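If you read the sequences in order, they're chains P, V and Y. Per the working numbering: the first sequence ends with 311, consecutive numbering throughout. Per the working numbering: the second sequence ends with 622, consecutive numbering throughout. Per the working numbering: the third sequence ends with 933, consecutive numbering throughout. Here is the structure we will look at.
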Amino acid sequence: AEVALSGDGRMGIVYDGNDAQFSSRIRARFTMTGESDAGLSFGGTFRVDQENYSSNSFRSAARGTAGAVWISGTYGKLSMGDTVSASEAAVGDLYDIGYTEGSFAGDYEEISYLTGDGENLNQGPNILYEYSYNNFKFYASASDGSDNLVCGVGAVTGSDAVCNVPGDDDKSDTAWSLAAAYDAGNYNVGLGYARHGDAKEIVLGGEATFNQFSVKAVIADYKDRGWAPGYDFDKTYGISAKYAANALTVKANWRRDEVNSLIAGVDDESFDSYGIGADYDLGGGATVAGGISKSDYIDDTVADFGIKFKF
Amino acid sequence: AEVALSGDGRMGIVYDGNDAQFSSRIRARFTMTGESDAGLSFGGTFRVDQENYSSNSFRSAARGTAGAVWISGTYGKLSMGDTVSASEAAVGDLYDIGYTEGSFAGDYEEISYLTGDGENLNQGPNILYEYSYNNFKFYASASDGSDNLVCGVGAVTGSDAVCNVPGDDDKSDTAWSLAAAYDAGNYNVGLGYARHGDAKEIVLGGEATFNQFSVKAVIADYKDRGWAPGYDFDKTYGISAKYAANALTVKANWRRDEVNSLIAGVDDESFDSYGIGADYDLGGGATVAGGISKSDYIDDTVADFGIKFKF
Amino acid sequence: AEVALSGDGRMGIVYDGNDAQFSSRIRARFTMTGESDAGLSFGGTFRVDQENYSSNSFRSAARGTAGAVWISGTYGKLSMGDTVSASEAAVGDLYDIGYTEGSFAGDYEEISYLTGDGENLNQGPNILYEYSYNNFKFYASASDGSDNLVCGVGAVTGSDAVCNVPGDDDKSDTAWSLAAAYDAGNYNVGLGYARHGDAKEIVLGGEATFNQFSVKAVIADYKDRGWAPGYDFDKTYGISAKYAANALTVKANWRRDEVNSLIAGVDDESFDSYGIGADYDLGGGATVAGGISKSDYIDDTVADFGIKFKF
Numbered sequence: 001a002e003v004a005l006s007g008d009g010r011m012g013i014v015y016d017g018n019d020a021q022f023s024s025r026i027r028a029r030f031t032m033t034g035e036s037d038a039g040l041s042f043g044g045t046f047r048v049d050q051e052n053y054s055s056n057s058f059r060s061a062a063r064g065t066a067g068a069v070w071i072s073g074t075y076g077k078l079s080m081g082d083t084v085s086a087s088e089a090a091v092g093d094l095y096d097i098g099y100t101e102g103s104f105a106g107d108y109e110e111i112s113y114l115t116g117d118g119e120n121l122n123q124g125p126n127i128l129y130e131y132s133y134n135n136f137k138f139y140a141s142a143s144d145g146s147d148n149l150v151c152g153v154g155a156v157t158g159s160d161a162v163c164n165v166p167g168d169d170d171k172s173d174t175a176w177s178l179a180a181a182y183d184a185g186n187y188n189v190g191l192g193y194a195r196h197g198d199a200k201e202i203v204l205g206g207e208a209t210f211n212q213f214s215v216k217a218v219i220a221d222y223k224d225r226g227w228a229p230g231y232d233f234d235k236t237y238g239i240s241a242k243y244a245a246n247a248l249t250v251k252a253n254w255r256r257d258e259v260n261s262l263i264a265g266v267d268d269e270s271f272d273s274y275g276i277g278a279d280y281d282l283g284g285g286a287t288v289a290g291g292i293s294k295s296d297y298i299d300d301t302v303a304d305f306g307i308k309f310k311f
Numbered sequence: 312a313e314v315a316l317s318g319d320g321r322m323g324i325v326y327d328g329n330d331a332q333f334s335s336r337i338r339a340r341f342t343m344t345g346e347s348d349a350g351l352s353f354g355g356t357f358r359v360d361q362e363n364y365s366s367n368s369f370r371s372a373a374r375g376t377a378g379a380v381w382i383s384g385t386y387g388k389l390s391m392g393d394t395v396s397a398s399e400a401a402v403g404d405l406y407d408i409g410y411t412e413g414s415f416a417g418d419y420e421e422i423s424y425l426t427g428d429g430e431n432l433n434q435g436p437n438i439l440y441e442y443s444y445n446n447f448k449f450y451a452s453a454s455d456g457s458d459n460l461v462c463g464v465g466a467v468t469g470s471d472a473v474c475n476v477p478g479d480d481d482k483s484d485t486a487w488s489l490a491a492a493y494d495a496g497n498y499n500v501g502l503g504y505a506r507h508g509d510a511k512e513i514v515l516g517g518e519a520t521f522n523q524f525s526v527k528a529v530i531a532d533y534k535d536r537g538w539a540p541g542y543d544f545d546k547t548y549g550i551s552a553k554y555a556a557n558a559l560t561v562k563a564n565w566r567r568d569e570v571n572s573l574i575a576g577v578d579d580e581s582f583d584s585y586g587i588g589a590d591y592d593l594g595g596g597a598t599v600a601g602g603i604s605k606s607d608y609i610d611d612t613v614a615d616f617g618i619k620f621k622f
Numbered sequence: 623a624e625v626a627l628s629g630d631g632r633m634g635i636v637y638d639g640n641d642a643q644f645s646s647r648i649r650a651r652f653t654m655t656g657e658s659d660a661g662l663s664f665g666g667t668f669r670v671d672q673e674n675y676s677s678n679s680f681r682s683a684a685r686g687t688a689g690a691v692w693i694s695g696t697y698g699k700l701s702m703g704d705t706v707s708a709s710e711a712a713v714g715d716l717y718d719i720g721y722t723e724g725s726f727a728g729d730y731e732e733i734s735y736l737t738g739d740g741e742n743l744n745q746g747p748n749i750l751y752e753y754s755y756n757n758f759k760f761y762a763s764a765s766d767g768s769d770n771l772v773c774g775v776g777a778v779t780g781s782d783a784v785c786n787v788p789g790d791d792d793k794s795d796t797a798w799s800l801a802a803a804y805d806a807g808n809y810n811v812g813l814g815y816a817r818h819g820d821a822k823e824i825v826l827g828g829e830a831t832f833n834q835f836s837v838k839a840v841i842a843d844y845k846d847r848g849w850a851p852g853y854d855f856d857k858t859y860g861i862s863a864k865y866a867a868n869a870l871t872v873k874a875n876w877r878r879d880e881v882n883s884l885i886a887g888v889d890d891e892s893f894d895s896y897g898i899g900a901d902y903d904l905g906g907g908a909t910v911a912g913g914i915s916k917s918d919y920i921d922d923t924v925a926d927f928g929i930k931f932k933f
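As C-alpha cells, this is what we get:
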C-alpha cells in the first residue's frame with residue numbers, strides 16, 4: 001500500500017469577449033494503491049482542492065463526496081465517491097479544446113448526464129461498477145439512497161437528514177444508470193440509460209480513428225428532464241474531431257442542445273456551441289494550447305491560450 | 312528532516328434504521344520528522360482535511376488548531392496543537408466497532424473528556440506533556456490561556472479577542488489535566504484528573520489481555536459539568552471486549568451515561584449504548600468490517616458494513 | 623516532471639501584552655518541477671493551507687489566486703498566480719524577528735507594497751517577469767485586467783464578473799510595477815516603481831554585509847495612496863540589522879510610517895515600530911527563536927518565543 005503524488009498546473013490568458021484575463025492554477029493529487037493477500041486491488045484518489053471539509057460537506061474527499069475509493073478483482077471494479085454515472089463511463093464527452101480544456105467556453109464539450117457529472121451534487125457518495133468481458137465493458141451506477149436534489153425552500157414537505165434543513169425533500173429517488181461499451185481498437189461505441197425519478201436519459205456515442213484522424217459523436221435523448229422554467233431539456237447531440245501530426249494536435253467540436261417549450265404558443269429552442277483549438281506538446285509534461293469558441297449561451301466569441309503542465 | 316505521506320480510505324454502507332446509505336471517504340496524512348544536532352526529535356502531523364484555513368479558523372493545521380507538532384528528548388515529549396488531554400492520553404476510549412469505527416452509532420465508544428477531545432473547540436492550540444519512567448507514564452495537559460467556550464449570545468459580558476464577537480466571555484479559565492498510567496504488558500491502568508473552571512473530572516480505566524482475549528473498562532466521574540438544560544453530566548462508565556482469532560477480531564462494547572436533574576421533581580436519567588462488531592483482515596492494508604449498535608440516544612438499531620484501507 | 627513535498631512547523635508562546643497564548647502550526651508544501659524537451663524549465667508550488675477552493679475563491683491554488691506556476695528559460699522567468707510585485711521582488715522586506723517571524727507584532731518588517739503583497743486581494747492571478755543580466759536583475763509585474771479592489775457596497779456603479787455582486791467597481795485599473803536590482807555580492811541595491819490607478823509608489827532598498835554583520839534599509843514614497851479616512855499614506859522607511867555568531871543570530875529592526883492629513887487643521891501623523899530578536903540554530907531544521915517588539919500600532923509591548931521546524 002502506497003501513496004503517490006502527482007500534480008498539474010497551467011498559466012495563460014482567457015479572453016471573455018471583452019477583456020483578456022490571466023488564468024493560472026496549480027493542483028496536487030494523491031493516488032493511493034494497495035493489494036490484499038488474496039490479490040484484490042484497492043485504491044483511492046483525490047486532489048487537494050477536493051478536500052473542503054468545513055466549507056462544503058457535499059464536496060469533500062473525507063466525506064466521500066469528492067475523489068473516490070475503489071476495489072478491483074476478477075469480478076470487476078467497484079468505485080464509491082464522486083464517480084461518474086454508467087452512461088458517462090461508457091460514452092464520455094466530446095473532445096475538449098483550448099488551454100483551459102473547454103472551461104473558457106462553459107465546458108460545452110461535456111455532455112450533460114442525468115446522474116453523476118455535476119447533477120445531484122447535494123448527495124452522499126455515488127457508486128460505479130465496471131466489468132470487462134473480451135472487448136465489451138459493462139457499467140452500472142447508482143446515487144445514494146437519499147435524493148437531496150431539492151433542499152430548503154421549494155422542497156417537498158419533509159425533513160432530509162442530509163440537508164438538515166426543515167422543509168426538505170424526503171422522497172428518496174435513487175438515480176441509477178446502466179451502460180455498455182464495445183471497443184474494437186480503431187473504433188468504439190457506447191450506449192447508456194439512466195433514470196432519476198421521472199427523468200430518463202438514453203445516450204449513444206461512438207468514436208473512430210483513421211490513422212492520425214479521430215472523430216467522436218454523441219447523441220443524448222432525455223424525457224421529463226427539467227431545464228429553465230417553462231422548458232424541458234429534450235436532446236443533446238454533438239461531434240468532435242482531431243488530427244494529430246507529430247507534436248501538434250488540431251481539434252474541433254460542435255454541440256446542439258434542444259429544449260421543448262411546455263407552454264402553448266411559446267416556441268421550442270435550440271442552442272449551438274462550437275470551437276476549434278490546437279495543442280502543441282513540448283515534451284516533459286508541458287503543452288502549449290489554445291482555443292476559440294462561439295456559443296449561443298455566451299454573447300461574445302471567447303478564446304484562451306497558454307501552457308499546461310503535468311507533474 | 313523529511314515528510315512522509317500516508318492515507319486511509321473506506322467504502323461501505325451505513326444503515327441508519329430506515330435507509331442504507333453509501334459511506335466512503337479517502338484521506339491523506341502528512342507526517343514530518345526531524346532531529347536536531349543534539350539528538351532532540353521533533354515532528355508534526357496533520358491530514359489534508361484538517362486544513363480548513365479560510366473556512367474554519369478553529370480547525371486548521373496552519374493555525375495550530377488541528378494536527379499537532381512536537382519535540383521529544385530524554386525529558387519527555389511536548390506536543391502542541393489539537394492534542395488530547397492528559398486524562399485521555401492515559402485512559403483512552405473503549406474499543407470501537409464497525410466499518411466506520413463507531414461513527415455510525417454516534418461514537419459512544421469515545422469517552423467524553425472534559426478538555427481536548429471535542430470540548431473547548433473554539434480555542435487556540437492545546438499542549439500535552441508526556442514522560443515515561445520504567446513502566447509508568449505521566450501526562451500533563453492544558454488548554455490555551457483564553458476560554459472561548461462561550462462566544463456570542465449567552466456569553467458573559469466582555470469582548471474576547473479570539474471570538475471577535477461583542478458580548479463574548481472574557482474570563483480566561485484554562486482547562487488542564489493531570490494523569491498517570493502503568494503498563495505491565497498484559498495489563499495496564501490509567502488515572503486522570505481534569506478541571507475547567509468549576510467543572511471537574513476523574514477518570515479511571517484499565518485494560519487486560521489474556522491470550523487472544525482483551526477487555527477494557529473505563530469509569531468517569533464529573534462534577535459541575537453541564538449537560539442539556541436542567542441536567543448535570545454526572546457519570547460515564549463502560550466496558551468493551553475483543554477476541555482475535557487469526558485474521559478475525561470480534562468486538563463488543565457497552566457504555567452508560569448518568570445525568571442528574573437539577574430541578575426538584577424531575578428524575579435523573581441514564582442512557583445506555585451497546586454494540587457488537589467484527590473485523591476481518593485481508594492483508595496489505597485492507598480490512599472488512601461491520602457493526603451493529605443500539606443506543607438510547609438513537610431511535611433505531613443502526614449498522615454498518617464495508618471495507619477499510621490503510622495506505 | 624516530479625512533485626516534492628516539504629513542510630514547516632512551529633510551537634511556542636506569543637505574549638500579547640496581557641496574556642501568553644500557545645502558538646503552533648504545521649504546514650505542508652508541494653513543489654512541482656519539470657523540463658520540456660527543448661530545455662524550458664517549468665514548475666509550481668503551493669501549500670495545503672493555500673488551497674481553500676470552496677471557502678475562498680480569491681485565495682485558492684486551484685483558482686490561480688494562491689501559490690504560483692512558472693516557466694523559465696534563457697529569456698527569463700515568468701510566474702503567474704499569487705506573485706509579489708516587481709518592486710517587492712527587487713527590494714523586499716526588512717529582516718524579521720521572533721519565533722513567529724514578525725507576525726506577533728503585526729509583521730511591520732514587511733514593507734507595504736502598492737501591488738501584490740496583500741493589496742488587491744480580490745483579483746485573479748498576478749504576473750511577474752524576472753530577467754538576469756550579469757549582476758543586474760530586472761523585474762516587471764502586473765495585476766489581472768480587472769480591478770476588483772472595491773466589491774459590493776461603496777463600489778462604483780457597474781457589475782464586475784469576478785466580484786459577482788451588483789454595484790461592483792467595473793473600471794479596470796491594472797496595477798503594475800517595474801523594478802531593477804544590482805547585486806555586488808557583499809552589497810545589493812534595488813529600486814522599484816508601481817502604479818495602481820492614481821496611486822504611485824517609489825521604493826529604494828539596499829543591503830550590505832560586513833563579515834558576520836548585515837544591514838538592510840528600505841524607503842518607500844507613495845502618492846495618492848489611501849490610508850484611514852482623512853489621511854494619505856505618504857512614506858515608509860526602516861532599517862534592520864543582524865549579527866551572526868556560529869549558531870546564534872541577533873537581529874533588530876525599526877520602521878516608521880508617515881501619513882498626511884487631508885483635512886485642514888488636522889496634523890499629519892507618524893507611527894514607529896521596532897524590535898529585537900534572536901535565533902539559535904539547533905541543526906537538522908530546528909531553530910529556537912524569540913523576539914520582543916514595540917509598535918505605535920499596538921498598545922502593549924509584545925513578545926514571542928518558541929521553536930521552529932523545517933522538514
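We put the CB at the ideal spot given by N, CA and C, even for glycine. Nothing here was measured: the structure is a model prediction, and the numbers come from that model.
Proximity of residue i and residue j at Cβ, strictly below 8 Å
i, j, result
"Y:R647", "V:A373", "yes"
"P:Q81", "P:P125", "A quick correction: the sequence has Gly, not Gln, at residue 81 of chain P. Taking 8 Å as the Cβ cut-off, P:G81 and P:P125 qualify as a contacting pair."
"V:S584", "V:Y419", "yes"
"Y:A816", "Y:Y735", "yes"
"Y:N882", "Y:D854", "yes"
"P:S23", "Y:G814", "no"
"V:G318", "V:F622", "yes"
"Y:G860", "Y:A839", "yes"
"P:E313", "P:D234", "With chain P covering only 1 through 311, there is no way to say anything about residue 313 of chain P."
Endpoints, the beta strand (DSSP E) within which residue i is located
i, result
"V:A558", "Unbroken run through V:A558: none, as it is neither H nor E."
"Y:A690", "690–695"
"P:F136", "136–142"
As assigned by DSSP and simplified to three states, the class of residue i
i, result
"Y:S895", "strand"
"Y:S725", "helix"
"P:Q313", "Outside the displayed range of chain P (1 to 311) lies residue 313 of chain P, so it cannot be described from this structure."
"P:D234", "strand"
"V:R536", "coil"
"Y:A660", "coil"
"P:R59", "coil"
"Y:D671", "helix"
"Y:N810", "strand"
"Y:D815", "According to the sequence provided, residue 815 of chain Y is Tyr. The question's Asp does not apply to it. Of the three classes helix, strand and coil, the one that applies to Y:Y815 here is strand, per DSSP."
Element boundaries [alpha helix (DSSP H), containing residue i]
i, result
"V:S398", "397–402"
Neighbourhood of residue i by C-beta, 7 Å cutoff - its chain only, sequence neighbours within 5 removed
i, result
"P:V84", "G116, D117, L128"
Own chain residues within Cβ distance below 6 Å of residue i, not counting five before or after
i, result
"Y:S663", "E657, S694"
"V:S525", "K553"
"Y:G913", "I719, G720, G897, G899, D926"
Any chain B beta carbon closer than 8 Å to residue i
i, result
"P:D173", "Absent here is chain B; the protein component of the structure consists of chains P, V and Y."
Cβ neighbours of residue i in the same chain (closer than 8 Å, five flanking residues each side left out)
i, result
"V:Y608", "G417, Y419, F582, S584"
"Y:A821", "L736, Y844, K845, D846, R847, G848"
Inset, instruction - Taking 8 Å as the threshold, find out whether the region 915–931 of chain Y comes into contact with the region 709–721 of chain Y through three or more Cβ pairs. - result: yes
Legend entry - Inter-stretch contact at 8 Å, needing at least 3 Cβ pairs: the region 441–451 of chain V / the region 581–595 of chain V: no
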